[in-house]
Structures are given as C-alpha cells and as structure tokens.
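Since the structure comes first, as structure tokens, the remarks are kept for the end.
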Amino acid sequence: MNGYLEAIRPKVSEEDYSELCALTNPKVFEFIAKSSDLCNCEKIFVCNDSTEDVAYVRQQALAIGEEAPLKLQGHTVHFDGMHDQGRDRQATKYLVPRGISFGKALNQIDRQEGLVEVKGLLRDSMKGRTMIVRFISLGPPNSVFTILGLQCTDSWYVAHAEDLLYRPGYEVFRQSEPNREFLRVLHSAGKLTTDMTSAEHDKKRIYIDHMDNTIYSVNTQYAGNSVGFKKLAFRLAIRKANYEGWLAEHMMIMGVHGPGGRKTYFSGAFPSACGKTSTAMLPGETIVGDDIAYIRDIGSVARAVNVESGIFGIIQDVNPDDDTLIYKVLHSPGEIIFSNVLVKDDQPYWLGMGSPLPNEGKNFSGNWHEGKTDADGNKIPAAHKNAR
405 MNGYLEAIRP KVSEEDYSEL CALTNPKVFE FIAKSSDLCN CEKIFVCNDS TEDVAYVRQQ
465 ALAIGEEAPL KLQGHTVHFD GMHDQGRDRQ ATKYLVPRGI SFGKALNQID RQEGLVEVKG
525 LLRDSMKGRT MIVRFISLGP PNSVFTILGL QCTDSWYVAH AEDLLYRPGY EVFRQSEPNR
585 EFLRVLHSAG KLTTDMTSAE HDKKRIYIDH MDNTIYSVNT QYAGNSVGFK KLAFRLAIRK
645 ANYEGWLAEH MMIMGVHGPG GRKTYFSGAF PSACGKTSTA MLPGETIVGD DIAYIRDIGS
705 VARAVNVESG IFGIIQDVNP DDDTLIYKVL HSPGEIIFSN VLVKDDQPYW LGMGSPLPNE
765 GKNFSGNWHE GKTDADGNKI PAAHKNAR
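Each residue of the sequence shown is one higher than the one before, counting from 405 in the working numbering.
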C-alpha cells in the first residue's frame with residue numbers, strides 16, 4: 405500500500421478514499437499528501453467530476469460566502485480584495501537554480517530560497533479548512549494534445565471556477581498510465597477578511613517551479629493568480645512545447661463561414677483585453693476557443709485545440725450593440741460567475757455596458773456609492789476595469 409495514500413486516508417471520506425485508490429499514479433498521492441501536510445488542512449474533498457460533486461463545490465462556494473447568488477438562475481458573484489484585482493507581476497516569479505538566469509524580462513528567484521519562502525507562507529494556511537482536490541484535462545482528453553493537471557486549493561470559488569473553465573480530468577487520470585506526467589498547483593487564499601477575501605496582500609506570492617512542473621500560489625484569490633491552469637500553467641506549457649516541438653500560444657481559435665458553405669479556421673493573437681473573446685464570438689461564426697491554443701504539426705498541417713472549455717473574459721465595454729452574442733449569454737439563465745462588478749438588487753452592472761449604472765451598490769470595495777474614495781483619496785469606480 406502506498407504510504408502517501410495512507411497518510412491521506414484519515415482526512416478523506418470512505419467514498420473519496422475509494423476514488424483515490426482507483427488511480428495508479430503514485431505522484432498524485434505524493435502531491436496531495438505533501439500539500440495536506442504543509443497546509444495542515446482539516447479535511448480533504450476529492451472532486452471526481454460527478455454531477456453531485458460539482459454541485460457540492462458550487463454550494464460550498466455560496467455557503468461560506470466566497471460567492472453570492474444573483475437574480476438569474478445559475479448566476480453568482482465573487483469579489484476579490486481591493487489589492488487583488490489582477491495578475492501581480494511583482495509577486496509572480498520563476499524559481500530557478502542558482503547560477504541560472506531566464507533573462508532580465510522575467511522575474512525570478514533562487515529556487516531553494518523561493519521554495520523556503522512560499523512554503524513558509526503556505527504552512528498551516530488551511531488549518532481548520534477543507535482542501536479541495538480538482539483533476540483537470542487541458543485540451544481534449546485522450547488526445548495527442550492532452551496535458552493533465554491537478555490542483556489542491558482551499559477556495560471553493562477557485563474549485564468552482566475550474567469546473568466552468570476546464571474539461572474534467574478525474575477519469576483521464578484514472579485511465580492513465582502510472583508514470584503519466586501532470587502539472588501541479590497548490591493554492592491557498594491565506595488569511596481571510598470578514599468579506600471572505602484574502603487579507604494579507606503584502607504576502608501574496610505566485611511562484612512557478614518549472615523543474616517540478618508546480619505552481620505555488622498564496623494570499624490571493626483573483627482567478628489569474630489562483631486558478632493555476634490559466635496563465636500560470638500556460639507558462640509551463642510554453643516550456644514543454646519548446647522542448648517537444650509544438651506551440652502553446654495566447655490565441656483565440658474560430659471558424660469563419662464563407663461562400664458555398666466554406667468554413668475557414670484560423671487563430672489570432674492579441675494582447676490581453678484587445679478583443680480575442682469578442683472576435684471569437686462574432687454572430688454567425690464558430691467559436692473554438694477565446695484565449696489559449698495548443699498547436700501541433702499533424703500530417704504537415706497545423707492543427708489547434710482550445711485548451712479550455714469555458715471563458716474567463718474581461719466584461720468592461722461588453723454591450724448589446726458591439727457584443728450581441730456575449731451580452732445575450734450574460735442576460736440568460738446558466739452557470740456564470742461574475743467577478744468584481746457592481747451589484748444592486750441582485751443584478752450585476754459593469755463599466756461600458758451600454759446603460760446607466762446605479763449610483764450605489766456593492767463592489768470590490770464593499771458597500772459603494774458614487775464619489776467613494778480609497779485610502780489614498782482616489783475615486784473608486786462602480787466596477788473594476790478588470791471585472792470578469
């Protein structure tokens with residue numbers, strides 16, 4: 405019997421223990437056990453991607469207050485802290501061995517020094533909490549494109565967001581060979597405020613260990629920092645692609661319909677917030693993906709897949725005239741998490757939505773009113789420009 409698996413057993417239910425026993429990769433047990441030991445969680449919940457488990461994750465996000473229900477069925481809202489509204493360049497670093505440099509363009513820290521620091525911040529960070537284990541398939545399962553991912557987090561919001569953004573991976577892990585490589589993410593929101601947002605933003609760290617294919621993230625909830633398979637694991641995929649001879653790109657993929665039933669697929673690369681989602685969702689065309697693409701040479705033809713299965717898109721300036729399809733989706737029942745928008749009477753509002761905004765409500769600063777300022781005297785907008 406695997407020693408790491410036995411170390412996990414006291415913290416999981418019998419059902420979850422059985423789910424783990426069905427897996428054959430010892431590295432899975434090792435990562436979960438070491439994460440549990442470091443963060444000192446009270447319990448471990450293993451999500452097997454069943455309808456019941458996915459619903460439980462969503463219910464817990466609402467129950468503990470990381471999300472709140474909105475008026476339309478399936479819609480919820482999540483708020484990040486005032487200092488946690490986007491990816492943090494200064495807090496994000498590569499862990500590199502002493503004597504090696506990735507160049508001045510990339511933030512980096514000595515690997516051993518960085519591991520000591522980030523593990524020190526993660527130590528006991530989940531005390532009294534449940535650690536949620538999510539299995540992810542990046543790209544279509546069981547294909548040449550597939551990369552597996554495993555995340556341990558104490559945020560039910562993060563676990564819920566991953567269900568909306570990625571293909572389920574438990575069955576892919578279960579069917580995989582024991583030595584299958586996978587990407588790892590360990591995340592803790594850290595100490596929380598009464599509003600259930602990360603309190604110690606000055607201790608925010610997002611470290612990328614390319615030698616061990618592991619992301620460490622602590623004292624942050626913003627999805628770009630905490631949902632490890634977004635831009636963080638994307639960086640690991642870029643290195644993997646470079647060594648193996650394929651491409652991992654910040655690109656949307658779409659099919660454009662032409663005369664005579666012709667459909668032409670192409671990818672497009674733009675900087676963040678420059679229109680990938682809006683372009684991919686033009687009415688009458690076919691969306692494949694809006695953010696990240698894996699591209700391989702198959703039979704001397706460039707073939708691409710959408711790494712994700714959902715959208716984490718900037719909502720500012722989405723309006724009924726310019727973004728007809730997106731706007732319709734956002735005003736229809738269905739599973740959607742809004743983040744860092746303005747909420748009034750259980751309705752979400754955002755900048756540039758094409759209609760007047762309320763002059764009060766709740767946003768990322770708490771209870772908000774027109775003219776409210778922050779600690780430095782700066783006017784706080786109704787919604788954040790990076791609201792999603």
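All residues carry an ideal CB built from backbone N, CA and C; glycine is no exception.
If you drop the 5 nearest sequence neighbours on each side, which residues of the same chain put their C-beta closer than 8 Å to that of residue i?
{"i": "Thr505", "result": "The displayed chain sequence assigns Ser, not Thr, to residue 505. Closer than 8 Å at the Cβ level, and outside the excluded window around Ser505, lie Gln512."}
{"i": "Lys523", "result": "Leu442 and Tyr620"}
Using DSSP bridges, identify the partner residues of residue i.
{"i": "Glu764", "result": "His773"}
{"i": "Gly693", "result": "Ile657"}
{"i": "Leu590", "result": "Cys556 and Tyr620"}
{"i": "Phe539", "result": "Leu554"}
{"i": "Arg609", "result": "Val622"}
{"i": "His479", "result": "Ile740"}
{"i": "Phe670", "result": "Met658"}
{"i": "Asp441", "result": "Paired residues: none, contrary to the question."}
{"i": "Arg571", "result": "Ser541"}
{"i": "Ser534", "result": "The sequence shown places Thr at residue 534, rather than the Ser named in the question. Lys447, per the DSSP bridge assignment."}
{"i": "Asp514", "result": "Val500"}
{"i": "Tyr753", "result": "Leu746"}
For residue i, count neighbouring Cβ atoms within 10 angstroms of its own Cβ and tell me buried if that reaches 16, exposed if not.
{"i": "His735", "result": "exposed"}
{"i": "Cys445", "result": "buried"}
{"i": "Pro785", "result": "buried"}
{"i": "Phe670", "result": "exposed"}
{"i": "Met615", "result": "exposed"}
{"i": "Pro752", "result": "buried"}
{"i": "Ile702", "result": "exposed"}
{"i": "His482", "result": "buried"}
{"i": "Leu427", "result": "buried"}
{"i": "His788", "result": "buried"}
{"i": "Ser630", "result": "buried"}
{"i": "Lys667", "result": "exposed"}
{"i": "Asn790", "result": "buried"}
Within the same chain, show all residues whose beta-carbon is closer than 7 Å to that of residue i, passing over the 5 residues directly before and after it, in chain order.
{"i": "Gly628", "result": "Gly490, Arg491, Lys634 and Lys635"}
{"i": "Asn452", "result": "Glu423 and Tyr574"}
{"i": "Ile642", "result": "Ala652"}
{"i": "Phe586", "result": "Leu552, Gly553 and Leu554"}
{"i": "Met600", "result": "Ile468, Gly469 and Glu470"}
{"i": "Leu525", "result": "Lys607, Arg609, Val622 and Asn623"}
{"i": "His605", "result": "Gly485, His487, Asp488 and Asn623"}
{"i": "Gly518", "result": "Lys497, Leu499 and Tyr611"}
{"i": "Ile715", "result": "Thr681 and Asp694"}
When the Cα of residue i is compared with those of the options, which residue comes out closest?
{"i": "Trp560", "options": "Met486, Gln463, Tyr647 and Ser439", "result": "Gln463"}
{"i": "Ser682", "options": "Ala652, Gly485, Pro724 and Asp613", "result": "Pro724"}
{"i": "Val733", "options": "Asp749, Val461, Ser602 and Leu476", "result": "Leu476"}
{"i": "Gly672", "options": "Thr624, Lys508, Asp695 and Tyr626", "result": "Asp695"}
{"i": "Phe549", "options": "Trp754, Gln555 and Arg571", "result": "Arg571"}
{"i": "His654", "options": "Val709, Val747, Lys607 and Thr690", "result": "Val709"}
{"i": "Met658", "options": "Met535, Ser547 and Glu689", "result": "Glu689"}
{"i": "Glu648", "options": "Gly717, Ile699 and Thr618", "result": "Ile699"}
{"i": "Leu363", "options": "Trp772, Asn782, Leu755 and Ser743", "result": "Any answer about residue 363 is impossible in this case: the structure gives the chain only from 405 up to 792."}
{"i": "Asn623", "options": "Ser417, Ile436, Trp772 and Met486", "result": "Met486"}
{"i": "Asp441", "options": "Met656, Gly532 and Glu604", "result": "Gly532"}
{"i": "Asn771", "options": "Ala791, Val745 and Lys523", "result": "Val745"}
{"i": "Arg707", "options": "Leu640, Val458, Gly543 and Ser713", "result": "Gly543"}
Find out if the Cβ-Cβ distance for the pair residue i, residue j is shorter than 8 Å.
{"i": "Arg584", "j": "Glu521", "result": "no"}
{"i": "Ser592", "j": "Asp567", "result": "no"}
{"i": "Phe768", "j": "Asp484", "result": "yes"}
{"i": "Leu729", "j": "Pro687", "result": "yes"}
{"i": "Asn429", "j": "Phe577", "result": "yes"}
{"i": "Gln625", "j": "Asp488", "result": "yes"}
{"i": "Ser541", "j": "Val589", "result": "no"}
{"i": "Ser439", "j": "Cys556", "result": "yes"}
{"i": "Val562", "j": "Phe449", "result": "no"}
{"i": "Met685", "j": "Val722", "result": "no"}
Leaving out five residues before and five after residue i in sequence, what residues of the same chain have Cβ atoms less than 6 Å from its Cβ?
{"i": "His479", "result": "Ile740"}
{"i": "Pro501", "result": "Arg515"}
{"i": "Lys497", "result": "Asn511, Gln512, Ile513 and Tyr611"}
{"i": "Leu409", "result": "Phe433"}
{"i": "Ala459", "result": "none"}
{"i": "Lys776", "result": "Ile784"}
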